[in-house]
Each structure stands twice: as C-alpha cells, then as structure tokens.
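Contents: one structure, followed by commentary.
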Amino acid sequence: MFQLLHFQIFFFIQHNPNFSFIVEDLKQIGSEITADWKLEESSSLGIGEMWATVSHKDGIIMPHINSFGFLYGMFFVSTPPESGYLKLENSVYDKSYYQNFAARDITQFNVPTFITAIPEGSYCIFPSHVPSQITSNNTEEDRIIIHFILKVLDK
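Position one of the sequence shown corresponds to residue 0 (the working numbering), numbered consecutively onward.
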C-alpha cells in the first residue's frame, strides 16, 4: 500500500476473501459481455488486475487511460453524497470528425464529455481506451472504489 494525493491504493484486492462477491459478479458480467460482443468461442474475459482506491477529502482520481486491457471498470463501495462524479471523455469525439458526421440527436454517447453520479454498490464498465476520472471528494468521509481491468483471454 502507498499513499499519494489524498488517496490510498491497495493492490491485489481480488485475493481478499471479503471481496470475493465482486469476482463472482465479474464472472457473470464477463459471460454476458462475451456473448454481447460476440467474442470468439476460443476467448473469454478474465480479470487482468484489480485494486482499490480510498480517496480522502479533496481526493481526486486524475484523468487517465487504462489501455492495457479490453474493458475498465469500477465498483463503488462507499460513495457518500458529494463525494465526486465519474467523468468519461468520448474518445471518438474530434472536431473534424464531428463536423463531417454531425449528430442529429445529442446523447451521452455523442458528446465530448459524460458525467454521472457514482451510486454506492453499483458497477460501471467501459472500454479501457476511454479517458476517465473521478472528481474531487467534497466530503469528510472516505470514498472507496474498487477498480478492475478485464482482458480477453484464450481459453
């Protein structure tokens, strides 16, 4: 464990029996994603890495990309009100692209930034190449998030 910029990181949390339910949830989610994304039968999704962050008051998770996996996700263990928002940057948004292919209906999928609350006890999974961040924790309570990378594995 180490501490940096108002948060602590705990590595290898997938080996902690207190969080085994997350591994089981991810197995189920992985099988659904495998079917939805029509991955080859010789492939499956597996947990590449898993870690937790504990953000104290004013803690922030800076914008970053997790490009070493297929999907990046988070499980929101403890997210008190005002403890921040998840912010995703639409990586396909580009001014030249947008000018040539103007969207007729505005949704969270065709705008440059998508911001959402982080409800406690929920998962958020998205392509790992999408830049993400968690905004500042504006409470005195710690915000706890478990992060994970899902990779495509050969069976």
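Every residue gets a Cβ at the ideal spot worked out from N, C-alpha and C, and that includes glycine.
Keep in mind the model is a prediction, meaning the values are calculated, not measured.
{"Asked": "Whole-Å CB distance - Ile124 paired with Ile28, under 8 Å assumed", "Found": "7 Å"}
{"Asked": "Segments of 3+ residues assigned as beta strand (DSSP E) that fall wholly inside the stretch 42-67", "Found": "42-54, 60-63"}
{"Asked": "Of the listed residues Ala116, Asp35, Ala34, nearest to Asn136 (C-alpha basis)", "Found": "Ala116"}
{"Asked": "contact_flag[the stretch 40-56, the stretch 136-154] where n(CB pairs < 8 Å) is 3 or more", "Found": "yes"}
{"Asked": "Close Cβ partners of Phe74 (< 6 Å) along its chain, the five nearest in sequence each way excluded", "Found": "Ile21, Tyr122, Ile145"}
{"Asked": "Val22 in three-state terms, based on DSSP", "Found": "helix"}
{"Asked": "As assigned by DSSP and simplified to three states, the class of Ile124", "Found": "strand"}
{"Asked": "The beta strand (DSSP E) enclosing Ile133, as first and last residue numbers", "Found": "131-133"}
{"Asked": "Among Asn65, Trp36, Ile32, Asp24, nearest to Pro130 - alpha-carbon criterion", "Found": "Asn65"}
{"Asked": "Cβ distance (whole Å) where Gln132 is taken to contact His63 below 8 Å", "Found": "7 Å"}
{"Asked": "Beta-carbon proximity check, Val53 vs Gly120, cutoff 9 Å", "Found": "no"}
{"Asked": "C-alpha gap between Phe67 and Asp141, whole angstroms", "Found": "28 Å"}
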